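**Student:** Handing you this structure, nothing more for now.
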């Protein structure tokens, strides 16, 4: 499966807040081989159905590897969400079949575990849900021909090794690990992506724009305002991110401004700079967009490349950022 350099996510759109017309317009602007990433949990369970319907309305087709024309289609990735009440491998298979029905895509191009089962509470008398149970279910989906590729999400260096070894013993390639990766997270995610590189596992990078922190949207605010946040994340989270990234946001702004002076090249947005950096690091950024225009701006990041000097500038600024996630006041790390 050879996907385009930029993938498109559907966490904050494709259902609920957006009508079908907006979704169709976004889908129409996607180039061949684009990977669309969704999940059974998104949109209160409706996103997969909306996406399946709107693919037809947009005149787009899911890619097929039955012939040499697979490059003309769109690739589909979705996720299985472990929970306390789905405790058997067969539950994974059933969920996969339901996703296939909603998306109208069989086989699925990429089926992923959304997160480690270890984060789930344990039920009395029956114990915890084990990651090995989820992996067995994914393996059965692969062996039954329901999916073409297996991936995981939010796995740290220790767990990604364990998952890789498990699937290798079944002679099933583990092709991807989807993690929170951007200029703010370069240091925090370093060990994880290094292990993925060692094992030949592709890194799919969600939040490549740091949930908007790297776009310049909030630069004019001395203090983030509740009306500006619109409930996307907490006031204190954004305040911490802004405080920890002044050098990084300044570097992005300067590179964006300098592109307007590069001969006849058009000025590149800050968002394009941040996305281009992820691509230069050998990762696949998963962008989010609320309109076709926004999607096209981000997709245009593939039309140019940061210079080596610009990458060094961004790397140095990224090293000064401290944007680790916290849960209940404690730093949250993938294992």
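Numbering (our numbering), first residue to last: 48 to 382. Cβ coordinates follow ideal geometry from the N, Cα and C atoms, glycine included. Small disclaimer: the values here were computed from a predicted structure and weren't measured.
1. Tell me whether residue 70 is buried or exposed, calling it buried when 16 or more other Cβ atoms sit within 10 Å of its Cβ.
2. Alpha carbon to alpha carbon, how far is residue 302 from residue 81?
3. State the DSSP-derived secondary structure class of residue 366, mapped to helix, strand or coil.
4. Which partner residues does residue 126 have in the DSSP bridge list?
5. Check for me: the alpha helix (DSSP H) holding residue 73 runs from which residue to which?
6. Ends of the alpha helix (DSSP H) at residue 147?
7. Ends of the alpha helix (DSSP H) at residue 293?
8. When the Cβ atoms of the segment 240-249 are set against those of the segment 220-231, are three or more pairs found closer than 8 Å?
9. Among all the DSSP beta bridges, which residues are the ones paired with residue 4?
10. Can you give me the C-alpha to C-alpha distance between residue 273 and residue 52, rounded to a whole angstrom?
11. Mind checking residue 120: buried by the 16 CB within 10 Å criterion, or exposed?
12. For residue 253, name the three-state secondary structure that DSSP assigns.
13. Using 8 Å for Cβ pairs, my map puts residue 161 next to residue 200. What's the rounded Cβ distance?
14. Determine which residues share a DSSP beta bridge with residue 225 and list them.
15. DSSP state of residue 84, grouped into three classes?
16. For residue 259, does the three-state DSSP call read helix, strand or coil?
**Tutor:** Let's see:
1. Counting Cβ neighbours within 10 Å, residue 70 comes out buried, since at least 16 surround it.
2. Distance between the alpha carbons of residue 302 and residue 81: 27 Å.
3. Three-state result, residue 366: helix.
4. Bridge partners of residue 126: 159.
5. Per DSSP, residue 73 is one residue of the alpha helix (DSSP H) stretching across 67-75.
6. If you look at residue 147, you'll find it in the alpha helix (DSSP H) that goes 136-150.
7. Segment 293-305, the alpha helix (DSSP H) holding residue 293.
8. Result yes; three or more Cβ-Cβ pairs closer than 8 Å.
9. Residue numbering for the chain in the displayed model covers 48 to 382; residue 4 lies beyond these limits and cannot be assessed.
10. Here the model assigns residue 273 a pLDDT of 49, short of 50, so the residue's position is not dependable, and the following value carries that caveat. Cα to Cα, the separation comes out at about 35 Å.
11. Its Cβ being crowded by 16 or more others within 10 Å, residue 120 is buried.
12. In the structure shown, residue 253 sits in a strand (DSSP, three-state: E or B).
13. Contact annotation, residue 161 with residue 200: C-beta distance approximately 5 Å; criterion of less than 8 Å satisfied.
14. Answer is 200, 251.
15. Collapsing the DSSP output to three states places residue 84 in a strand.
16. Looking at residue 259 - three-state DSSP - the assignment turns out to be helix.
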